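In our numbering, the protein residues as written are 645 to 1039.
All C-beta atoms in this analysis are idealised placements derived from N, C-alpha and C, irrespective of residue type, glycine included.
None of the values given here were measured: they were computed from a predicted structure.
Heads up: the structure comes next, in structure tokens.
Here it is in structure tokens:
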């Protein structure tokens, strides 16, 4: 009997069939075609699926907008001409596809599979087709704009759906089951978690920001600690680094929205002044405050062996530490962020952000220097952005 030959359907019921069974393969096959648009010419694709993703993601520009990488279309599969032997996938300036004629002889191009479905099952291969994206580079120079030639970029292999609505992955036939995902928005979660090898149960409080595009941002707090942690795309970053990257650069910027009594001071000739009112403060007036200072000084960089200007945000545990900093002529204090201890106790937010900042800026070495120490040519926001990008790119 020939393969894939439809078999007659025998009905043994006593009642007549009122509604015939629907074509259950139509939905997955139609959905996959909407995503890939394999049977649509490259120049006629609608703004949906892959075409929508590429169209809305491009163009890519540099910060100065002098270099522009624009999108021209994509090609799925290897397309050839049976008449003249033309291979569209080797032509950098032409997109092959379904319903496209050969640019040399005008014959309709045909799709050439590297391996058939049966060969992939026998040899343990994945039934897939290559995806190539055509782009063009535009560069602005003093003499004018330079437009490069179109080029195809190989993006990888796309698993191809079979006629039965399945995929062949490493020789095994599999199906894709649709699942519900959370829509973009802000979500709050509270759950119990039992610590390993103990009977201690702690509460986990989590806030998730799910964007329409891009990685998920999560803030997490445990009932056993007052330290806030954050994750971007499930990679853990500093508790306040996301806030710093968004523009809340200093401890004062972070604390002020949550603790209205937070104050900022600047130092001039060793004297402390309120930044908002200009009122002079004595050192003793800061007793009973949580203090964070932004310092500038010159120090030797160990890995480079040269001196460099350093910017550091440091938690001041005792007033005697601040007194020594005020008297040290080698150190310039840019800003002192202060929150009354009583205000933190009465606040509905408790000491969460304060303890998080203390954990990030408290001195941990013999030199009494904070781990939040960077070259002065950068800002604290720059440092937070670089740290986040490093962790996102880490394999």
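Nonlocal neighbours in the same chain, by C-beta distance under 7 Å from residue i, ignoring five residues either side
i           : result
residue 888 : 1024, 1025, 1028
residue 903 : 983, 987, 988, 991
residue 731 : 724
residue 893 : 1023, 1024, 1025
Which listed residue (the options) has its alpha carbon closest to that of residue i
i            : options               : result
residue 811  : 673, 662, 929         : 673
residue 974  : 942, 728, 980, 966    : 942
residue 879  : 1007, 1031, 1006, 773 : 1031
residue 986  : 930, 944, 803, 1018   : 930
residue 771  : 779, 754, 807, 743    : 807
residue 868  : 857, 856, 839, 874    : 839
residue 976  : 953, 964, 962, 988    : 953
residue 928  : 910, 962, 664         : 962
residue 978  : 666, 957, 950         : 957
residue 1016 : 720, 950, 895         : 895
residue 855  : 819, 665, 827, 662    : 827
residue 622  : 970, 709, 876         : Outside the displayed range of the chain (645 to 1039) lies residue 622, so it cannot be described from this structure.
residue 745  : 707, 684, 697, 693    : 684
residue 934  : 849, 959, 846, 950    : 959
residue 781  : 709, 944, 897         : 709
residue 1041 : 851, 666, 968, 733    : A question about residue 1041 goes unanswered here, because the residues of the chain that appear run from 645 up to 1039.
Residue i versus residue j - alpha carbon distance
i            : j            : result
residue 912  : residue 939  : 13 Å
residue 784  : residue 711  : 6 Å
residue 872  : residue 837  : 17 Å
residue 679  : residue 1037 : 27 Å
residue 699  : residue 789  : 22 Å
residue 763  : residue 769  : 8 Å
residue 891  : residue 853  : 17 Å
residue 723  : residue 657  : 49 Å
residue 767  : residue 803  : 16 Å
residue 743  : residue 686  : 9 Å
residue 1035 : residue 881  : 8 Å
residue 936  : residue 924  : 18 Å
residue 654  : residue 670  : 23 Å
residue 786  : residue 727  : 47 Å
residue 736  : residue 715  : 14 Å
residue 774  : residue 689  : 18 Å
residue 901  : residue 1006 : 22 Å
residue 765  : residue 874  : 44 Å
residue 668  : residue 885  : 49 Å
residue 664  : residue 707  : 59 Å
residue 713  : residue 858  : 20 Å
residue 819  : residue 848  : 36 Å
residue 846  : residue 877  : 24 Å
residue 950  : residue 972  : 22 Å
residue 897  : residue 792  : 46 Å
residue 964  : residue 834  : 42 Å
Residue i - partner residues in DSSP beta bridges
i            : result
residue 798  : 776
residue 1019 : 954
residue 984  : 933
residue 817  : 812
residue 876  : 861, 879
residue 918  : 909
residue 831  : 852
residue 943  : 952
residue 884  : BP columns for residue 884 are empty, so no partner.
residue 712  : 705, 782
residue 665  : Answer by DSSP bridge pairing: none, since residue 665 is not bridged.
residue 718  : 777
Cβ neighbours of residue i in the same chain (closer than 8 Å, five flanking residues each side left out)
i            : result
residue 899  : 906, 981, 983, 997, 998, 1001
residue 729  : none
residue 814  : 768, 769, 770
residue 645  : Any answer about residue 645 is weak, because its pLDDT of 44 lies below 50 and its placement is not dependable; what the coordinates show is given next. Contacts found: none.
residue 1020 : 940, 952, 953, 954, 955
residue 651  : none
Neighbourhood of residue i by C-beta distance below 6 Å, restricted to the same chain and skipping five residues each side
i           : result
residue 676 : 805
residue 717 : 686, 739, 778
residue 817 : 810
residue 776 : 719, 796, 798
residue 966 : 960
residue 662 : none
Residue i CB to nearest heavy atom of the ligand HEM below 7 Å
i           : result
residue 693 : As for the ligand HEM, it is missing from this structure, which has no ligand bound.
query: Between the region 999–1008 and the region 855–863, are three or more C-beta pairs nearer than 8 Å?
result: Under the three-pair Cβ rule at 8 Å, the region 999–1008 does not count as touching the region 855–863.
field: At least three beta-carbon pairs within less than 8 Å, the region 992–999 to the region 917–924
entry: no
message: So, does the region 692–709 touch the region 749–761, judging by three or more C-beta pairs under 8 Å?
response: Contact between the region 692–709 and the region 749–761 is absent: fewer than 3 CB-CB pairs across the two stretches fall below 8 Å.
query: Do the region 792–803 and the region 742–753 touch if we need at least three Cβ pairs shorter than 8 Å?
result: no
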